[in-house]
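Note that the numbering used here numbers the sequence shown so that position 111 is 111, with each residue one more than the last.
Positions of the beta carbon are idealized from the N, C-alpha and C atoms, including for glycine.
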Amino acid sequence: MSGSMQPRMMPARTPTDLRPHERPVVAIRSMFISDLHLGARHARPEVVLRLLKEFQPTQLYLVGDIIDGRSLQRRWHWPAACAQVLDQLAHMSETGTELFYTPGNHDAYLRNHLTSDPPLQVQDQFVHHCADGRRLLITHGDQFDDVEEKAQWLSRVGSVGYDLLITVDRTVNRGWKYVSLRPLRISRFAKQTAKKWVQWASGFEARVVNHARAHGCDGIVCGHIHVPRVRQFGDILYVNLGDWVENATALIEYDSGELELLNLDRLANPTGGQTEPPWQPRRHNHVADRLTHPLAGQADSVS
Numbered sequence: 001m002s003g004s005m006q007p008r009m010m011p012a013r014t015p016t017d018l019r020p021h022e023r024p025v026v027a028i029r030s031m032f033i034s035d036l037h038l039g040a041r042h043a044r045p046e047v048v049l050r051l052l053k054e055f056q057p058t059q060l061y062l063v064g065d066i067i068d069g070r071s072l073q074r075r076w077h078w079p080a081a082c083a084q085v086l087d088q089l090a091h092m093s094e095t096g097t098e099l100f101y102t103p104g105n106h107d108a109y110l111r112n113h114l115t116s117d118p119p120l121q122v123q124d125q126f127v128h129h130c131a132d133g134r135r136l137l138i139t140h141g142d143q144f145d146d147v148e149e150k151a152q153w154l155s156r157v158g159s160v161g162y163d164l165l166i167t168v169d170r171t172v173n174r175g176w177k178y179v180s181l182r183p184l185r186i187s188r189f190a191k192q193t194a195k196k197w198v199q200w201a202s203g204f205e206a207r208v209v210n211h212a213r214a215h216g217c218d219g220i221v222c223g224h225i226h227v228p229r230v231r232q233f234g235d236i237l238y239v240n241l242g243d244w245v246e247n248a249t250a251l252i253e254y255d256s257g258e259l260e261l262l263n264l265d266r267l268a269n270p271t272g273g274q275t276e277p278p279w280q281p282r283r284h285n286h287v288a289d290r291l292t293h294p295l296a297g298q299a300d301s302v303s
């Protein structure tokens, strides 16, 4: 393990740094995203789709809670944009992107369907080799959450309450924006407060860092707690990818090995709001089949 290496993170960029006409599809080495929660009521598949169309990584890591199996078991909710995301993943796979998926607590059903076969490798964790030689352990992180491991019922109740708070936030904010009031963020505050408690109670960050160190890695990339963060713990780099419900954050690696945690909500939209051609569902999508086949009993089709 190259313990002397310091984190090489690109500085956060503002919307003016990346103008729409400067942003064709960007070829990058790697991209890491987690907690899309596709199928949950408050998922933002349209924003995820924008990310996947803007960047063409050689390797794409899907770091858990991509499909929200828990929400889909309560109530089937699969708008066209969710199917479009899976179609885009299939397109990326066909055009040179390797896909890696490590399940989380909301898509834990995939842990019974691990595979090393393309187009989508599914494993509990991966080791990513950066261009500069660093080794990053990739895993969702729910296994280091004592609440999830020892009181899953409490986690499920919390998920329902979180959905209700987001509903309140978005309903109120639709009216507030017309009177120039700052957006309400009750759900974000509650989620971050709860996750900070989880971190304190279970030592989440320390545990995932120790896990990476035990595997001889220079860093860990995880999700689960919906709090995007980059921090150095001695010789170990800790990156939490955040989420795509209230945040829109992704980690990208450039050809140099430098890493950058992007917030897509803060970047200019390269399409300029232009309408895209109508979406035509794919006849065959092996990525979607691998992710949704175990949920086939929930609905006749996800497309």
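Beta-ladder partner(s) of residue i, from DSSP
i, result
"Phe32", "Tyr61, Leu251"
"Ala27", "Gln56"
"Leu137", "Val127, Ile220"
"Leu49", "None; Leu49 has no bridge partner."
Classification of residue i by the beta-carbon crowding that lies within 10 angstroms, buried from 16 upward
i, result
"Gln280", "exposed"
"Trp78", "buried"
"Gly216", "exposed"
"Val127", "exposed"
"Gln84", "buried"
"Asn285", "buried"
"Trp76", "exposed"
"Arg13", "Confidence at Arg13 is low in this model, with a pLDDT of 45, below 50, so its placement is unreliable and the value that follows should be read with caution. Arg13 comes out exposed."
"Ala80", "exposed"
"Arg213", "buried"
"His140", "buried"
"Leu114", "exposed"
"Val122", "buried"
"His293", "exposed"
"Gln232", "exposed"
"Asn240", "buried"
"Glu22", "With a pLDDT of only 44 at Glu22, under the threshold of 50, the placement of this residue in the model should not be trusted, and no figure is reported."
"Leu110", "buried"
"Glu116", "Here residue 116 is Ser; the residue named in the question, Glu, does not match the sequence. It is exposed - the Cβ of Ser116 has fewer than 16 other Cβ atoms within 10 Å."
"Gln88", "buried"
"Arg283", "exposed"
"Arg290", "buried"
"Ala27", "exposed"
"Ala206", "exposed"
"Asn112", "exposed"
"Pro118", "exposed"
Beta-carbon separation (whole angstroms), residue i vs residue j, contact threshold 8 Å
i, j, result
"Val208", "Tyr254", "Val208 to Tyr254, Cβ: 24 Å. No contact."
"Cys130", "Gly234", "That pair is no contact at about 18 Å."
"Gly96", "Ser71", "With a Cβ gap of about 32 Å, Gly96 and Ser71 do not count as contacting."
"His224", "Asp145", "6 Å"
"Arg134", "Leu264", "Their Cβ separation, rounded to whole angstroms, is 24 Å, which puts Arg134 and Leu264 out of contact at 8 Å."
"Val221", "Leu251", "6 Å"
"Tyr101", "Leu86", "About 12 Å; that fails the 8 Å criterion."
"Leu60", "Leu99", "5 Å"
"Ala268", "Val47", "Actually they do not touch by this definition, with Cβ atoms about 14 Å apart."
"Leu32", "Ile138", "Here residue 32 is Phe; the residue named in the question, Leu, does not match the sequence. Correct: roughly 7 Å between the Cβ atoms."
"Ala288", "Ala90", "7 Å"
Check: residue i C-beta below 7 Å from any heavy atom of the ligand SAH
i, result
"Ala27", "For the structure depicted, the ligand SAH is absent and the ligand set is empty, with no information on it obtainable."
* Asked: What runs of the beta strand (DSSP E), each 3 residues or longer, lie entirely inside the segment 52-135?
  -> 55-62, 98-101, 120-122, 126-129
* Taking only runs of the beta strand (DSSP E) that begin and end inside the segment 212-296, which ones reach a length of at least 3 residues, in chain order? -> Fully enclosed beta strand (DSSP E) runs of 3 or longer: 219-222, 229-233, 236-240, 249-253, 259-263.
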